[in-house]
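J.:
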Amino acid sequence: MVIERSVVDHVARLARLDLSEEERARMGAELSQILAHADRIQALDLDGVEPTSHAVPVVNALRQDEVKPSLEQEESLAGAPAVEAERFRVPRIIEEP
Amino acid sequence: MSGRYETTVGLEIHVELATRSKMFCGCRVAFAGAPNSRVCPVCLGFPGTLPVANEKAVEHTLRIGLALGCDIAEHCLFHRKNYFYPDMPKNYQISQYDSPLCLRGHLDIPSKTGSKSIGITRVHIEEDTGKSQHVGGDGRIASSEYSLEDFNRAGTPLVEIVTEPDIESGEEATTFVTELRALLEALGVSDVRMDEGSLRVDANISVRRAGEIEHGTKVEVKNMNSIRSVGRALAFEEERQRRALDEGSPLVQETRHFDEKSGATSSMRSKEHAFDYRYFPEPDLVPLEPSAHWVADIQKTLPELPPERRQRFVSEYGLTPIDVGVLTASSSTAAWFEDAARAYAGDPKKIVNWIIADLFGLLNVAGIELSACRIAPPQLAALVTMVDAGTISGTQAKVVLAEMFRSGSPPREIVRAKGMEQVSDKGAIEAFIDEAIAENPDVADKVRGGNPGPLGFLVGQVMRKMNGQANPKVVNEILHAKLLS
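Protein chains in written order, with this note's numbering: chain A, 85 to 181; chain B, 1232 to 1716.
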């Protein structure tokens, strides 16, 4: 499956990624390879195989309940497209029916 | 009317866990504060960051599961619940899906027949969302122009407790939430403040004609912000559904919003279509496998739970089920009572009466909880002991209690400062009685002549002379002995 240029543009826009021409071309090729690999896995007969959620045999990775410094408010809001009243301003959530 | 219908209720309860830091990152957990000041790259969902689960939150969840008699999973996973709503910066919530940490438990609640067991389907760990504020229109989401997001709460450890549809009325739901709240408080896993959102209740309710096997159309009710609201919202919904069945009008499966002011529920419309959350295992969190050793350790440290405590209060203190219900509705109230009762040599029932009849009144007026009260429990015992000894009268004790409540001073100090000490010493009283008799010889003669009527006048004279501090019982006894025997 080949990822077309328009799909790369669309995904980049959704992910808010500002990619150069060169990067767009490379992403198109890499995404195509990844999907091709997924297609190969899809084609396998996996009936009776336990789903593998994790590839490493590790369990119970837990952390102590300790407070670590948070970002400063200015830092946390720095990447927001719009800020109002110290909050992230987002477009209306629900369209009128 | 109610006999013709059967109501079925199941509850979903979200509880914010009392941890210092968030579920998957080190940001502090707190209520209110400057917006977006307790966030970091992990809870803001920046690419390349990795969540790590908070051990304390897992431990709290295990405590809840064990206290509810659940089976603890030997192996469980975290899943991503994907949804499109801006209150989670990641666009998914980390939750547990088909392998929750705790399964199949029960909570026994008081009922008319003594006790009823409500099944617990599951208890799982997830993370709380941020808080949205809708701007423009009438302030509700559908009419708003845009929204503002504060992510301080996003990532707060949250537990979801789901019950079986074993609850049969709004009243029973109220009892269940009260009991669960007391249990969670006793476990020390949450501050269980419904007004601050650390305990949130959603309900699924349906009504069917008595004897029908199929459940009626299920309606989900949200936005019940107090235990009382749970009862009110479900009573309203029960009635609305019964009327619809009576009239033969169709009921739709929907989510309804409870309005505190009107006491009514209304359709939320916005979320009617079932979401496909595209759950999949969270690749960034490895499976959780609590060891048998860890689980056993937690089991050992479980405190006395409300159902056990209720039984003990009846057998140990001889209290009535109603008194016990009031005292054990909160663990801190129960502990306060026990501290007072242990410091008191008389009948614990008297301590209960002072707490329920007098102290609760003062707390209500001040709008505070017993745990925030300035009276130390042994001081109430000291006060009641002074009444028993006749040092002060019951009426005076109420005044002293109010002063103890205000200042936190010990009762003995207040009684002394106010000059309230009752004089019960016979010698001291007798001197004043002799004086009163000498000053009113004709009244005394009438009494001696067999007419006890004017005795009250003489008691009044003695009380006046002693500034009301004489023990009236002793005054009466001495007067009787002197004039009528």
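Every residue, glycine too, gets a C-beta built ideally from N, C-alpha and C.
Return the residue from the list B:Glu1520, B:Asn1456, B:His1524 that minimises the CA-CA distance to lysine 1492 of chain B.
T.: B:Asn1456
J.: Can proline 1320 of chain B and leucine 1275 of chain B be called in contact, C-beta distance under 7 Å?
T.: yes
J.: Just to confirm, are methionine 1254 of chain B and glycine 1386 of chain B a CB contact at a threshold of 7 Å?
T.: yes
J.: Going by Cα to Cα distance, which pick from B:Lys1581, B:Ala1576, B:Ile1587 is closest to threonine 1559 of chain B?
T.: Checking every option, the nearest Cα to that of threonine 1559 of chain B belongs to B:Ile1587.
J.: Under 7 Å between the Cβ atoms of leucine 1714 of chain B and valine 1690 of chain B?
T.: no
J.: Out of A:Ala164, A:Glu88, A:Asp123, which has the shortest C-alpha to C-alpha gap to methionine 111 of chain A?
T.: A:Glu88
J.: To be precise: take each residue of the stretch 148-176 of chain A, compare its Cβ to all Cβ atoms of chain B, and keep it if any distance is under 7 Å. Which residues remain?
T.: Gln148, Asp149, Glu150, Val151, Lys152, Ser154, Leu155, Gln157, Ser160, Leu161, Glu168, Ala169, Glu170, Arg171, Phe172, Arg173, Val174, Pro175, Arg176
J.: If you count every other CB in all the chains shown that lies within 10 Å of the CB of glutamine 1530 of chain B, and 16 or more means buried, which is it?
T.: exposed
J.: Taking aspartate 1433 of chain B as part of the alpha helix (DSSP H), name the residues at either end of that continuous run.
T.: Careful: aspartate 1433 of chain B lies outside any alpha helix (DSSP H), inside the beta strand (DSSP E) at 1430-1440.
J.: Starting from the C-beta of aspartate 1619 of chain B, find all residues in its chain whose C-beta is less than 7 Å away, skip the five residues before and the five after it, and write them out in chain order.
T.: Gly1577
J.: Put valine 1545 of chain B into one of helix, strand or coil per three-state DSSP.
T.: helix
J.: If you follow the beta strand (DSSP E) that threonine 1239 of chain B is in, where does it begin and where does it stop?
T.: 1236-1247
J.: Select from the stretch 1271-1283 of chain B all residues with a C-beta closer than 9 Å to any C-beta belonging to chain A, and list them in chain order.
T.: Cys1271, Pro1272, Cys1274, Leu1275, Phe1277, Pro1278, Val1283
J.: Roughly how many angstroms separate the alpha carbons of glutamate 1469 of chain B and glycine 1296 of chain B, rounded to a whole number?
T.: Rounded to whole angstroms, the gap between the alpha carbons of glutamate 1469 of chain B and glycine 1296 of chain B is 30 Å.
J.: With a CB to CB cut of under 8 Å and the five nearest residues on each side skipped, what residues in its chain are close to alanine 1413 of chain B?
T.: Within the same chain, and ignoring the five residues on either side of alanine 1413 of chain B in sequence, the residues whose Cβ sits closer than 8 Å to its Cβ are Pro1537, Thr1559, Ala1560, Ser1561, Ser1562.
J.: Around the Cβ of lysine 152 of chain A, are there at least 16 other Cβ atoms within 10 angstroms (buried) or fewer (exposed)?
T.: exposed
J.: Buried or exposed for leucine 1242 of chain B, going by 16 or more other Cβ atoms inside 10 Å?
T.: buried
J.: Distance check for glycine 1336 of chain B and leucine 1299 of chain B, CA to CA, integer angstroms please.
T.: 5 Å
J.: List, in chain order, every chain B residue whose beta-carbon is nearer than 7 Å to that of valine 142 of chain A.
T.: Val1517
J.: Using DSSP with H/G/I as helix, E/B as strand and the rest coil, what is phenylalanine 1489 of chain B?
T.: When secondary structure is reduced to three states using DSSP, phenylalanine 1489 of chain B falls in the strand class.
J.: What are the boundary residues of the alpha helix (DSSP H) that proline 1672 of chain B is part of?
T.: 1672-1679 is the extent of the alpha helix (DSSP H) around proline 1672 of chain B.
J.: Residues of chain B with CB closer than 8 Å to the CB of leucine 115 of chain A, please, in chain order.
T.: Residues of chain B passing the Cβ test: none, with the nearest at roughly 16 Å.
J.: For the stretch 1255-1318 of chain B, list the beta strand (DSSP E) runs that are entirely contained and at least 3 residues long, ordered along the chain.
T.: Counting whole runs of 3 or more residues, the stretch 1255-1318 of chain B contains the beta strand (DSSP E) stretches 1310-1313.
J.: Starting from the C-beta of glutamine 1653 of chain B, find all residues in its chain whose C-beta is less than 8 Å away, skip the five residues before and the five after it, and write them out in chain order.
T.: Gly1621, Thr1622, Ile1623, Ser1624, Gln1627, Gln1700, Ala1701, Asn1702
J.: For valine 1289 of chain B, which residues in chain E fall below 8 Å Cβ to Cβ?
T.: Within the model displayed, chain E is absent; protein chains A and B are what it includes.
J.: So is aspartate 1477 of chain B buried or exposed if we call it buried at 16+ other beta carbons inside 10 Å?
T.: exposed
J.: For aspartate 1507 of chain B, is the classification buried or exposed, using 16 other Cβ atoms within 10 angstroms of its Cβ as the cut-off for buried?
T.: exposed
J.: Using a Cβ cut-off of 7 Å (strictly closer), state whether threonine 1250 of chain B contacts chain A.
T.: yes
J.: Measure the Cβ-Cβ separation of leucine 155 of chain A and cysteine 1271 of chain B and say whether it is below 7 Å.
T.: yes
J.: How far does the beta strand (DSSP E) with glutamate 1358 of chain B in it extend, from its first residue to its last?
T.: 1345-1358
J.: Between serine 1522 of chain B and proline 1481 of chain B, what straight-line distance do the alpha-carbon atoms span, to the nearest angstrom?
T.: 51 Å
J.: Just checking: is the beta-carbon of histidine 121 of chain A within a distance shorter than 7 Å of some beta-carbon in chain B?
T.: The C-beta of histidine 121 of chain A comes no closer than 7 Å to any C-beta of chain B.
J.: Note down, in chain order, every chain A residue with its Cβ under 7 Å from the Cβ of serine 1268 of chain B.
T.: Ser154, Gln157
J.: Among the residues of its own chain, which have a CB less than 6 Å from the CB of histidine 1365 of chain B, if the five just before and after it don't count?
T.: Ile1372, Ser1375, Ser1378
J.: In chain B, what lies closer than 8 Å to histidine 138 of chain A by C-beta?
T.: Pro1512, Pro1514, Val1517, Pro1518
J.: What residues in its chain sit with their C-beta under 7 Å from that of alanine 1613 of chain B, if we drop five residues either side in the sequence?
T.: Pro1641, Pro1642, Arg1643
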